[in-house]
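Residue numbers (this note's numbering): 826 to 951. The structure appears below as structure tokens.
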Amino acid sequence: MPDASESTDLDLIVLAHLRGYPEELRRFSNLMKQAHPHGRTAVEFFLSRPVAGDSFLAALCRLVQAGEDIVTVVEAADLLGMPPGRVLELSGTPGFPRPLTGEGRHQVWRRTDITAFRNPGAPAAG
């Protein structure tokens, strides 16, 4: 089991990914209020319950818990210097990285894939 600071860090990482997703942000914030007084993270509390297989919030929690460095549509837009709508347009075109999970505005990519798309020809990180 991770120590308290690592646990809190997971919750803060998920929170940061929820910028631009007000409903999911509200839901996760409420989970934090329920979980933290009991010494649990919102991530572990949420994933310990039955969740829909296509849940955006569950996917974020699982990926963050697994240590993946990910970006959402909103974060990819920031990295690429364009509006989220343009990222959604590009996401269906050849040459744009395939998401790890999700559809539409709930797509999630590895940060390195989006960075490589932004800087073609740059050496791969890693």
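Where is the CB? At the ideal position from N, CA and C, for every residue including glycine. Note that the structure is predicted; figures quoted are calculated from it, not measured.
Enclosing alpha helix (DSSP H) for residue i [first to last residue]
| i | result |
| --- | --- |
| residue 937 | 936 to 943 |
| residue 868 | 867 to 872 |
| residue 857 | 847 to 860 |
DSSP bridge partner residues for residue i (one or two, in chain order)
| i | result |
| --- | --- |
| residue 918 | Residue 918 is not bridged to any residue. |
| residue 897 | 933 |
| residue 926 | 933 |
Nearest to residue i (by Cα), restricted to the options the options
| i | options | result |
| --- | --- | --- |
| residue 916 | 906, 904, 929 and 862 | 929 |
| residue 845 | 909, 895, 887 and 836 | 909 |
| residue 933 | 865, 881, 854 and 872 | 881 |
| residue 902 | 892, 848 and 913 | 913 |
| residue 891 | 843, 925 and 874 | 925 |
| residue 906 | 848, 944, 855 and 849 | 944 |
Residue i vs residue j beta-carbon contact at 8 Å
| i | j | result |
| --- | --- | --- |
| residue 904 | residue 939 | yes |
| residue 836 | residue 883 | no |
| residue 895 | residue 923 | no |
| residue 889 | residue 838 | yes |
| residue 872 | residue 887 | yes |
| residue 860 | residue 853 | no |
Classification of residue i by the beta-carbon crowding that lies within 10 angstroms, buried from 16 upward
| i | result |
| --- | --- |
| residue 877 | exposed |
| residue 918 | exposed |
| residue 841 | exposed |
| residue 857 | buried |
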